[in-house]
Ligand SMILES: [Zn+2]
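Residue numbers (our numbering): 111 to 519.
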């Protein structure tokens, strides 16, 4: 049994790192907490909390008590809070007609943000180079190696583990290894994390927006495509390879229109932005400007505009009814263009749910608009980029210690 002591040491090291993660995730999800609240929420002992928060404080991730910079006078001592820029991530977004980058801190604060209209072609290598330029601008004096994580939002279907974009119809991409491309353009070991823009918008609403604190949520975000996030028992439903939650491609209309995915009658062919515009007799390529015009006419009582929105509300309600029966969520959050049209569709959605959902789950569910607006995908990229740090903060601050000359440069 000569290895006994080593094994015990390794096990306690594993437990210590797991406990550091538990504390950081509690603070990240809930904001500042007293040591007593941390004891109650984590099940750890008071002395363990004191030792572990001390370690996090030494690493610069948390402050305790009434720091001259961050403490609130008059509050009880030993409040533990994350240092907003104790760690920061690089959030990137490839949209159809623009690119964006932001540096985001542990409290969601933004320390550098830029969005630029797309000027280059949609060639993936050129879009990767363009986003790396924006990243350099928001990073300023910071080295890219100093951020705790990097993630990119794209308008496409993504394999999560390696950032392969299997299809992005509006960019005309197929099987693009975009996570690798962005890593090369940034000069970091790859691949960087890549995810669908609507999935990330949903993640942002879950952590920072309309669904904060909820454990059973259906989040739907619409633009030309429709995507979302399904949260079941507090965990995202991703499926075997991360393709799960593609609610825009759930069939709702067997005799419906062709979808960009190759099928027909998918939900997004009835409720996506192009469908809304077509239904109102507007050019389908008119984008958000055309939608704004439509909403102005609807607000003025124009019957055709109101009718088009009402029919869209019906299709939204039909799709949501299936999801509510399937998943029994407490909350449905509608984002993107659905956030914009919400006041014109909410009555019809509620009516369809009344008709189509079983009584018990119907009584429980509320349908609300999203809160974060157009920056939700970029916000969600920041949430995704923070996940490695939240899982294992010790690994991150060991890495940060290993590059002191760069950090002080
Ligand atoms: Zn489809």
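Idealized CB from N, CA, C, for every residue including glycine.
**OP:** Could you tell me if residue 462 is buried or exposed, where buried requires 16 or more neighbouring beta carbons within 10 angstroms of its beta carbon?
**Re:** So residue 462 counts as buried.
Original post:
Alpha carbon to alpha carbon, how far is residue 387 from residue 400?
Top reply: Between residue 387 and residue 400, the C-alpha separation is close to 7 Å.
Original post:
With a CB to CB cut of under 8 Å and the five nearest residues on each side skipped, what residues in its chain are close to residue 379?
Top reply: 363, 366, 367, 368, 369, 385, listed in sequence order.
Original post:
Between the C-alpha atoms of residue 116 and residue 155, what's the straight-line distance to the nearest angstrom?
Top reply: Rounded to whole angstroms, residue 116 to residue 155 spans 24 Å at the Cα level.
Original post:
At a cut-off of 8 Å, is residue 370 close to ligand 1 when judged by its beta-carbon and the heavy atoms of the ligand?
Top reply: Because some heavy atom of ligand 1 lies under 8 Å away, the Cβ of residue 370 counts as near it: yes.
**OP:** Compute the distance between the beta-carbons of residue 172 and residue 191, then report whether it is under 9 Å.
**Re:** Yes. Within cutoff.
**OP:** Check each candidate in 348, 263, 381, 281 and name the one with the smallest Cα separation from residue 418.
**Re:** Checking every option, the nearest Cα to that of residue 418 belongs to 381.
Subject >> the stretch 452–467 contacting the stretch 212–224, beta-carbon criterion three pairs below 8 Å >> reply: The answer is no - the stretch 212–224 does not touch the stretch 452–467, with fewer than three Cβ pairs under 8 Å.
Original post:
Going by DSSP, which residues form a beta bridge with residue 277?
Top reply: Per DSSP, 267, 284.
**OP:** Determine the closest residue to residue 482 out of 324, 233, 319, with distance taken between C-alpha atoms.
**Re:** The residue with the shortest Cα to Cα distance from residue 482 is 319.
**OP:** For residue 252, count neighbouring Cβ atoms within 10 angstroms of its own Cβ and tell me buried if that reaches 16, exposed if not.
**Re:** Residue environment analysis places residue 252 among the buried positions, since at least 16 neighbouring C-beta atoms fall within 10 angstroms of its C-beta.
Original post:
Nearest to residue 478 by alpha carbon, out of 443, 484, 208?
Top reply: Among 443, 484, 208, the Cα nearest to that of residue 478 is on 443.
**OP:** Can you give me the Cβ contacts of residue 439 inside the same chain, cut-off strictly under 7 Å, excluding the 5 residues immediately before and after it?
**Re:** These residues qualify, in order along the chain: 326, 327, 328, 475.
Original post:
How about residue 379: is its Cβ closer than 8 Å to a heavy atom in ligand 1?
Top reply: Yes, the beta carbon of residue 379 sits closer than 8 Å to at least one heavy atom of ligand 1.
**OP:** Output yes or no for whether 9 Å exceeds the beta carbon distance between residue 312 and residue 263.
**Re:** No, the Cβ-Cβ distance between residue 312 and residue 263 is not below 9 Å.
**OP:** Taking residue 488 and residue 258 to be in contact with their CB atoms under 8 Å, please state how far apart those CB atoms are, rounded to whole angstroms.
**Re:** Rounded, the Cβ-Cβ distance is 17 Å, inconsistent with contact.
Original post:
Cβ of residue 200 within 9 Å of Cβ of residue 254?
Top reply: Against a cut-off of 9 Å, the Cβ pair of residue 254 and residue 200 comes out as a contact.
Original post:
With a CB to CB cut of under 8 Å and the five nearest residues on each side skipped, what residues in its chain are close to residue 516?
Top reply: In this prediction, residue 516 has a pLDDT of 44, which is less than 50 and means its spatial position is unreliable; nothing more can be read from the coordinates.
Original post:
By the 10 Å Cβ neighbour count, where 16 or more other Cβ atoms means buried, how is residue 205 classified, buried or exposed?
Top reply: Buried is the label assigned to residue 205, since at least 16 other Cβ atoms lie within 10 Å of its Cβ.
**OP:** Could you check the C-alpha separation between residue 393 and residue 208 for me, to the nearest Å?
**Re:** Roughly 21 Å between the two C-alpha positions.
Original post:
Grouping DSSP H, G and I as helix and E and B as strand, with all else coil, what is residue 257?
Top reply: In the structure shown, residue 257 sits in coil (DSSP, three-state: anything other than H, G, I, E or B).
Original post:
If we count the other Cβ atoms within 10 Å of its Cβ and call it buried at 16 or more, is residue 359 buried or exposed?
Top reply: Around the CB of residue 359, 16 or more other CB atoms lie within 10 Å, so the residue is classed as buried.
Original post:
Just to confirm, does residue 333 get its C-beta within under 8 Å of one of the non-hydrogen atoms of ligand 1?
Top reply: Not so, every heavy atom of ligand 1 lies at least 8 Å from the Cβ.
Subject >> Range of the contiguous alpha helix (DSSP H) that encloses residue 466 >> reply: Unbroken alpha helix (DSSP H) run through residue 466: 447–466.
**OP:** Less than 8 Å between the CB atoms is what I'm expecting for residue 315 and residue 445, so what's the real figure, rounded?
**Re:** Separation of the CB atoms of residue 315 and residue 445 is rounded to 6 Å, and the pair is thereby assigned contact status at 8 Å.
Subject >> Option in 424, 389, 432 with minimal Cα separation from residue 414 >> reply: That would be 389, whose Cα lies nearest to the Cα of residue 414.
**OP:** Run the CB neighbour count on residue 234, radius 10 Å, all protein chains shown included, and call it buried at 16 or more, exposed below.
**Re:** It is buried - the Cβ of residue 234 has at least 16 other Cβ atoms within 10 Å.
Subject >> residue 373 beta carbon near ligand 2 (any heavy atom closer than 8 Å) >> reply: The model depicted lacks ligand 2 and carries ligand 1 instead.
Original post:
Smallest Cα separation from residue 146: which of 135, 134, 188?
Top reply: Comparing Cα positions, the closest option is 188.
**OP:** Could you work out which residue in 215, 244, 217, 431 is closest to residue 229 when comparing CA atoms only?
**Re:** Checking every option, the nearest Cα to that of residue 229 belongs to 244.
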